[in-house]
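Novice: First residue of the sequence shown: 8, per the working numbering; consecutive thereafter. Built from N, CA and C at the ideal position, the CB exists for glycine as well.
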Amino acid sequence: MGDAAVSALVRDVIGRLTSELIKEFGLLRRFKGDILALKEDFEQIQAVLEDAEEKQVKEKAVELWLRRLRSASLKVEDVLDEVKTEALLRSLHKELGIKYKVTVLFSKFKFRVRAAHKVKAIRTKLDDISSKRLKFNLTASDTSHVDVGVKGEMPNRETSSLILDSSKILGRDEEVEMVIRTICNKDIGKYENGEIRVYGIWGMGGLGKTTLAQLVYNQTSVAQYFDLQCWVYVSENFQVKEIIKAIITSIDKSECTVTHLDVLQETLQSKLREKKFLIVLDDVWAEENEKEEWERLSGTLSCGAEGSVVVMTTRSERTCQMMAKVGELRHQLGCLSEANSWLLFKLHAFAQGRVGDDERKLEPIGREIVVKCKGLPLAVKTLGSLMWSKSSSNDWQRVKDSNIWNLQENNVLPALKLSYDNLAPHIKRCFSYFCLFPKGHKLKKDELILLWVANGFIPPKGETDLYVIGEEIFSCLIWKSLFQVENGFRDGIDTCKMHDLVHDMARHVMRHDCLVIEPACNKDGIPNEVLHLSSSCPDEKLILSSEDLGKLTSLRSIFMFGEGDEDCITQLFNHVYVRVLHLALTKLRTLPESICKLKHLRYLNLSSSDIEVLPDSILYLQNLQVLILCYCRRLHYLPESICKLRYLKYLTLLGLGIEFLPIGLKDMISLQCLDINDCYSLRHLPFGIEKLTSLRMLSWFPVGKERGAKISELGDLNLLEGKLEIYGLQNVGGLSEAKSANLICKTNLSSLVLVWSNSGTIITEESTPEMFEEVLEGLEPNPSLEILKMRSYMGKTISPSWMDNLRNLVEIHFYRCRECEHIPPLGRLPSLRVIQLVSMDSLKYFHDDDINMSVDNNDMFNCLQRLKISCCWELISLPDNLPKLEDLELEDCQKLISLPNNLPSIRKMKFEYCNGLLSLPDEIQSFKDLNKLEIRFCKHLYKRCEREKGEDWHKISHIPDLSIQAPL
Numbered sequence: 008m009g010d011a012a013v014s015a016l017v018r019d020v021i022g023r024l025t026s027e028l029i030k031e032f033g034l035l036r037r038f039k040g041d042i043l044a045l046k047e048d049f050e051q052i053q054a055v056l057e058d059a060e061e062k063q064v065k066e067k068a069v070e071l072w073l074r075r076l077r078s079a080s081l082k083v084e085d086v087l088d089e090v091k092t093e094a095l096l097r098s099l100h101k102e103l104g105i106k107y108k109v110t111v112l113f114s115k116f117k118f119r120v121r122a123a124h125k126v127k128a129i130r131t132k133l134d135d136i137s138s139k140r141l142k143f144n145l146t147a148s149d150t151s152h153v154d155v156g157v158k159g160e161m162p163n164r165e166t167s168s169l170i171l172d173s174s175k176i177l178g179r180d181e182e183v184e185m186v187i188r189t190i191c192n193k194d195i196g197k198y199e200n201g202e203i204r205v206y207g208i209w210g211m212g213g214l215g216k217t218t219l220a221q222l223v224y225n226q227t228s229v230a231q232y233f234d235l236q237c238w239v240y241v242s243e244n245f246q247v248k249e250i251i252k253a254i255i256t257s258i259d260k261s262e263c264t265v266t267h268l269d270v271l272q273e274t275l276q277s278k279l280r281e282k283k284f285l286i287v288l289d290d291v292w293a294e295e296n297e298k299e300e301w302e303r304l305s306g307t308l309s310c311g312a313e314g315s316v317v318v319m320t321t322r323s324e325r326t327c328q329m330m331a332k333v334g335e336l337r338h339q340l341g342c343l344s345e346a347n348s349w350l351l352f353k354l355h356a357f358a359q360g361r362v363g364d365d366e367r368k369l370e371p372i373g374r375e376i377v378v379k380c381k382g383l384p385l386a387v388k389t390l391g392s393l394m395w396s397k398s399s400s401n402d403w404q405r406v407k408d409s410n411i412w413n414l415q416e417n418n419v420l421p422a423l424k425l426s427y428d429n430l431a432p433h434i435k436r437c438f439s440y441f442c443l444f445p446k447g448h449k450l451k452k453d454e455l456i457l458l459w460v461a462n463g464f465i466p467p468k469g470e471t472d473l474y475v476i477g478e479e480i481f482s483c484l485i486w487k488s489l490f491q492v493e494n495g496f497r498d499g500i501d502t503c504k505m506h507d508l509v510h511d512m513a514r515h516v517m518r519h520d521c522l523v524i525e526p527a528c529n530k531d532g533i534p535n536e537v538l539h540l541s542s543s544c545p546d547e548k549l550i551l552s553s554e555d556l557g558k559l560t561s562l563r564s565i566f567m568f569g570e571g572d573e574d575c576i577t578q579l580f581n582h583v584y585v586r587v588l589h590l591a592l593t594k595l596r597t598l599p600e601s602i603c604k605l606k607h608l609r610y611l612n613l614s615s616s617d618i619e620v621l622p623d624s625i626l627y628l629q630n631l632q633v634l635i636l637c638y639c640r641r642l643h644y645l646p647e648s649i650c651k652l653r654y655l656k657y658l659t660l661l662g663l664g665i666e667f668l669p670i671g672l673k674d675m676i677s678l679q680c681l682d683i684n685d686c687y688s689l690r691h692l693p694f695g696i697e698k699l700t701s702l703r704m705l706s707w708f709p710v711g712k713e714r715g716a717k718i719s720e721l722g723d724l725n726l727l728e729g730k731l732e733i734y735g736l737q738n739v740g741g742l743s744e745a746k747s748a749n750l751i752c753k754t755n756l757s758s759l760v761l762v763w764s765n766s767g768t769i770i771t772e773e774s775t776p777e778m779f780e781e782v783l784e785g786l787e788p789n790p791s792l793e794i795l796k797m798r799s800y801m802g803k804t805i806s807p808s809w810m811d812n813l814r815n816l817v818e819i820h821f822y823r824c825r826e827c828e829h830i831p832p833l834g835r836l837p838s839l840r841v842i843q844l845v846s847m848d849s850l851k852y853f854h855d856d857d858i859n860m861s862v863d864n865n866d867m868f869n870c871l872q873r874l875k876i877s878c879c880w881e882l883i884s885l886p887d888n889l890p891k892l893e894d895l896e897l898e899d900c901q902k903l904i905s906l907p908n909n910l911p912s913i914r915k916m917k918f919e920y921c922n923g924l925l926s927l928p929d930e931i932q933s934f935k936d937l938n939k940l941e942i943r944f945c946k947h948l949y950k951r952c953e954r955e956k957g958e959d960w961h962k963i964s965h966i967p968d969l970s971i972q973a974p975l
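1) With 16 as the cutoff for other CB atoms within 10 Å, does residue 676 come out buried or exposed?
2) Can you tell me where the beta strand (DSSP E) with residue 682 in it begins and where it stops?
3) Check whether the segment 351-366 and the segment 231-240 touch, using three or more Cβ-Cβ pairs below 8 Å as the test.
4) Do you know offhand how far residue 54's Cα is from residue 428's?
5) Going straight from the alpha carbon of residue 825 to that of residue 455, what length do you get?
6) Out of 642, 724, 43 and 800, point me to the one whose CA is closest to residue 673's CA.
7) Per DSSP, what kind of secondary structure is residue 964 in: helix, strand or coil?
8) Using three-state DSSP, classify residue 874 as helix, strand or coil.
9) Buried or exposed: residue 188, going by 16 or more other Cβ atoms within 10 Å of its Cβ?
10) Per the contact definition of three or more C-beta pairs closer than 8 Å, is the segment 264-272 in contact with the segment 224-234?
11) Looking at residue 794: is its Cβ nearer than 8 Å to the Cβ of residue 817?
12) Just verifying my parser: in three-state terms, what is the DSSP assignment at residue 120?
13) Just to confirm the assignment, what range does the alpha helix (DSSP H) spanning residue 437 have?
14) Which of the three DSSP states is assigned to residue 112 in this structure?
15) To the nearest angstrom, how far is the alpha carbon of residue 216 from that of residue 327?
16) Considering only the alpha carbon of each residue, which of 388, 42, 557 and 541 lies closest to residue 564?
17) Do you know offhand how far residue 70's Cα is from residue 592's?
18) From residue 341 to residue 841, what does the alpha carbon distance come to, in whole angstroms?
19) Take residue 562 and list the residues in its own chain whose beta-carbon comes closer than 6 Å to its own, dropping the five residues that flank it on each side.
20) Quick one: what's got a C-beta closer than 8 Å to residue 151's C-beta in the same chain, skipping five residues either side?
21) Would you mind working out which of 568, 572, 573 and 580 sits nearest residue 557, comparing C-alpha positions?
22) Since I believe residue 645 is in contact with residue 523 (beta carbons under 8 Å), could you give me their beta-carbon distance rounded to a whole number of angstroms?
23) Flag this pair as touching only if the segment 917-927 and the segment 939-947 have three or more C-beta atom pairs under 8 Å; answer yes or no.
24) Please report how far the alpha carbon of residue 264 lies from the alpha carbon of residue 654, in whole angstroms.
25) Return the chain-ordered list of same chain residues with a C-beta closer than 6 Å to the C-beta of residue 594, the five sequence neighbours on each side being excluded.
26) DSSP three-state label for residue 639, please.
27) Is any heavy atom of the ligand GTP found at a distance shorter than 7 Å from the C-beta of residue 693?
28) Quick one: residues in its chain with C-beta nearer than 6 Å to the C-beta of residue 929, no 5 flanking neighbours on either side, listed in chain order?
29) Please go through the same chain and pick out, in chain order, the residues whose beta-carbon is closer than 7 Å to the beta-carbon of residue 849, but skip the five residues on each side of it.
30) Are the segment 746-764 and the segment 722-737 touching, with three or more C-beta to C-beta distances below 8 Å?
31) Jot down the residue ranges of each uninterrupted beta strand (DSSP E) in the segment 587-613, minimum 3 residues, whole runs only, in chain order.
32) Express the C-alpha separation of residue 534 and residue 706 in angstroms, rounding to a whole number.
33) With the cut-off set at 8 Å, would you say residue 465 and residue 477 are in Cβ contact?
34) Drop a sphere of 10 angstroms on the beta-carbon of residue 807, count the other beta-carbons inside from all chains shown, and report buried for 16 or more, exposed for fewer.
35) Unbroken beta strand (DSSP E) runs of length 3 or more, entirely within the segment 212-257: which are they?
36) Identify which residue in 115, 889 and 211 has its Cα closest to the Cα of residue 507.
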């Protein structure tokens, strides 16, 4: 496995050889003897692997020896998987009442003989490998205990999160402010011909160009100045069509499927016209010969409102000069000073929780290490995180004096290689796998961990779920700056990516294991024992010929990024040892019958493909753990045979047009995730869903009336976490039935959505307002809940007794609760930051308990930051004291006549179709943080705030971003 941790593979093989697996399947005696001999050889080799992996950097013979060991280890894994799968298939056939046929599977005896011969051949090969180790003078190390977790590799979660946030701004404050001042001033770099302004940030890799752009992009003042913002990663391939598609996708938050350039240009301009926008083009590599492409893109973007700007980052000064033509719109990012480098290093190396020698003793060595990082923030952070786990001055000295500092190989930064070399073997395998994705690719944490599990990269640790261990490894790689946080949900990390330089290193250490096919790549010299194939050639056929593809007999992973060719893709199903098959966005319409040969397959992703039907033969994929079918628009039916996949844990059906799920779903007791979000055609869930007690994610639960699962089937699903939407609550019979959902025991739910009917619910004798209120009372969630949303509730009041218990509630949203006259006293919820009220037709007051209560109560709304109210036609008042409110948005509230006075933190205000509002509060002149005010179609406010004429113009003329539009 080259650099990519052969030792982890060997350890995993030994673990499986010492398990109860062989006893369980009762194979031939000679097979057992060979297994024990294999185990002994592997254990002798394992003792010297640490030394061998260090020596391979300088000694080619050792590297070749490790590659032979890798090959033998993989073959053992394959045989053990075959033994396990054979037993599963025999059990399946017995369950189905099908007799084994020689044409389908070997007879029990023939299979055993075949397996025994394979093991004997591997043993002969391994004996030779084991004997060869002696000539390399390898030093044995203690392998009696290897911790498979991340203990000692990183601080606790709270400390590491704080450091990750703080380290981004060290030494760059002035540059952030300078960039903001420039791009938010429409007169700097303005072209007379209306050409789009371009601000360029350039400098060598690892300096933090993207980080600087992110800091600017995420500033509140920037968000308030521009009407629209989007971010696009460009990298080496500067293709105007792909960039425009990416911009549209960023704006729409959904995949752009347009293919013709002229249509793309018109579509983008329609979205940008008359808007002041900020577009970031990250990591641009456009050279002089691509100037025409840039000019075509520039022309397309020159349609926005005055003040629009493109910010680009690049390593090339020439690229920066070509795109950012005005000198004052170009900024060369320099290295960190030695002082700031040391501060950044200290922040990581001496973070809370570290054990070992005193900081004063280590500082002189640490300062020498920092000098070797040459002011590159990426190198400084990475080395700082590494040194946190080094306890003694001797350890620090070894890092400082390492020969890797003299590394001159494939542009790999020595600091990154040092960090990689010090990872535990199993973490190395997890890290390097990311290189199969294109540069700049954003990957969800869940998806990445599932890929690690499918490949067997995460070793077991007692009874701990492999996914939980994967989360620890993921956090460790984030802490060590080998993964970058892309965005998070609350305190958790949702998406990550890899820095270009880190990606280069991952490709380097995986050079013997992976084949990456990209546009204009060189396919000469393809090694036959490649384990992972990745193709990212959009709109092209796979560059490999059928002959070349057929030679890759050891493939474990296949990734296709692009539409591909159906005939070519069909060939991929002949690779019988594949564990991961990622065919999202391909033109594949049907799965070939040969899919039943993929008995090792654990992960299958067909998202957004043209797949129309899943064959019944899918039941032969007995090792399948993950099946992802998101947005397969042509797929309208799932076969019952899918319910025979006894090890399937993750079934993702996001956006499918299916009406029913298989009746046998209740038998999939291993299922942990059932994602049916956006399955709007789904009528109900099958009976028996209550048996799936391992479920941790059930995104949507439609309550059955006469058919389908009742709400009581949620009762025992107490491991559910994240978001749960319960739809069709008009079908719940009353308090007792609602309580049977047992929501109060679901301690891991963070978001709860309660929906009665999207189409509106008609009040009948059976469904009175009192019945709605009774059902709501029975749906008491756990006090740990963070987000509560309600839609189409038809009770007269929202006043469940449990509302005051939600002390951790951060957001509350009420939509189309048209009969509701009273809402609970939301101001008493101490953590509440967001309130949204939409189409509350009957609501008059913001408080339900006493309409005469003092609205300037200082103990209320102490955390509220955002308040949005829309189409509340009867609402006549708002709370007056909102000390933390930053964003106030009112739309179509015709009877509201006044606004809160005490808004010391307000940053953004928007009023639309509020004809009852007579004036702005006098205190608005003292709202020092107010940067944006938008008034649209408000009869009285327009007159009073008319530019240079209105009575209130003097109150608002100081606000930087003003938009006042006359009534229609």
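Specialist: Working from what's here:
1) Within the sequence shown, numbered from 1, the residue matching residue 676 stands at position 669. Exposed: under 16 other Cβ atoms inside 10 Å.
2) As a first step, residue 682 must be located in the sequence shown, where it is residue number 675. Where residue 682 is concerned, the enclosing beta strand (DSSP E) stretches over 680-682.
3) no
4) To locate residue 54, count along the sequence shown from 1; it is residue 47. To locate residue 428, count along the sequence shown from 1; it is residue 421. Approximately 18 Å, taken between the alpha carbons.
5) Reading the sequence shown from its first residue, position 818 is the one you call residue 825. Reading the sequence shown from its first residue, position 448 is the one you call residue 455. Using only the alpha carbons, I get a separation of about 43 Å.
6) To locate residue 673, count along the sequence shown from 1; it is residue 666. When only C-alpha atoms are compared, the closest one is 724.
7) Numbered from 1 along the sequence shown, position 957 holds the residue referred to as residue 964. Correct three-state label for residue 964: coil.
8) Translated into positions along the sequence shown, residue 874 becomes position 867. In the structure shown, residue 874 sits in a strand (DSSP, three-state: E or B).
9) Your numbering for residue 188 matches position 181 in the sequence shown. Exposed: under 16 other Cβ atoms inside 10 Å.
10) no
11) Numbered from its first residue, the sequence shown carries residue 794 at position 787. Numbered from its first residue, the sequence shown carries residue 817 at position 810. Yes, the Cβ-Cβ distance between residue 794 and residue 817 is below 8 Å.
12) For this step, residue 120 is matched to residue 113 along the sequence shown. In the structure shown, residue 120 sits in a helix (DSSP, three-state: H, G or I).
13) Translated into positions along the sequence shown, residue 437 becomes position 430. First-last of the alpha helix (DSSP H) with residue 437: 432-439.
14) Stepping through the sequence shown from its first residue, residue 112 is reached at position 105. A caution first: residue 112 carries a pLDDT of 46, below 50, which makes its placement in the model too unreliable to give a value.
15) Walking along the sequence shown from the start, residue 216 turns up at place 209. Walking along the sequence shown from the start, residue 327 turns up at place 320. Distance between the alpha carbons of residue 216 and residue 327 is about 13 Å.
16) In the sequence shown, the residue the question calls residue 564 occupies position 557. Taking only the C-alpha atoms, the option nearest residue 564 is 541.
17) Numbered from its first residue, the sequence shown carries residue 70 at position 63. Numbered from its first residue, the sequence shown carries residue 592 at position 585. Roughly 38 Å between the two C-alpha positions.
18) If you number the sequence shown from 1, residue 341 lands on position 334. If you number the sequence shown from 1, residue 841 lands on position 834. Distance between the alpha carbons of residue 341 and residue 841: 40 Å.
19) On the sequence shown, residue 562 is found 555 positions in, with the first residue counted as 1. 540, 582 and 585.
20) By 1-based counting over the sequence shown, the position of residue 151 is 144. Interpretation of residue 151 is limited by its pLDDT of 47, a score under 50 that renders its predicted location unreliable; the figure taken from the coordinates is listed afterwards. Answer for residue 151: no residue qualifies.
21) Working through the sequence shown from its first residue, we reach residue 557 at position 550. Here the closest residue by C-alpha is 580.
22) By one-based count along the sequence shown, residue 523 stands at place 516. By one-based count along the sequence shown, residue 645 stands at place 638. Actually they are not in contact, since the Cβ atoms of residue 523 and residue 645 sit about 33 Å apart, beyond 8 Å.
23) yes
24) What you label residue 264 is simply residue 257 of the sequence shown in a count that begins at 1. What you label residue 654 is simply residue 647 of the sequence shown in a count that begins at 1. So the alpha carbons of these two residues sit roughly 35 Å apart.
25) On the sequence shown, residue 594 is found 587 positions in, with the first residue counted as 1. Answer for residue 594: 570, 573 and 617, listed in chain order.
26) Residue mapping note: residue 639 aligns to position 632 of the sequence shown, counting from 1. Here residue 639 sits in coil by DSSP.
27) In the structure on display, the ligand GTP does not appear, and there are no ligands present to speak of.
28) Here the question's residue 929 lines up with position 922 in the sequence shown. Correct list: empty, nothing qualifies.
29) By 1-based counting over the sequence shown, the position of residue 849 is 842. Excluding residues within five positions, the ones whose Cβ falls inside 7 Å are 825, 826, 827, 828 and 881.
30) yes
31) 587-589 and 610-612
32) Here residue 706 is taken as the residue at index 699 of the sequence shown, counted from 1. Here residue 534 is taken as the residue at index 527 of the sequence shown, counted from 1. About 43 Å.
33) On the sequence shown, residue 465 is found 458 positions in, with the first residue counted as 1. On the sequence shown, residue 477 is found 470 positions in, with the first residue counted as 1. Yes; because the gap between Cβ atoms is below 8 Å, this pair is in contact.
34) In the sequence shown, the residue the question calls residue 807 occupies position 800. With 16 or more other Cβ atoms within 10 Å, it is buried.
35) 235-242
36) For this step, residue 507 is matched to residue 500 along the sequence shown. Comparing Cα positions, the closest option is 211.
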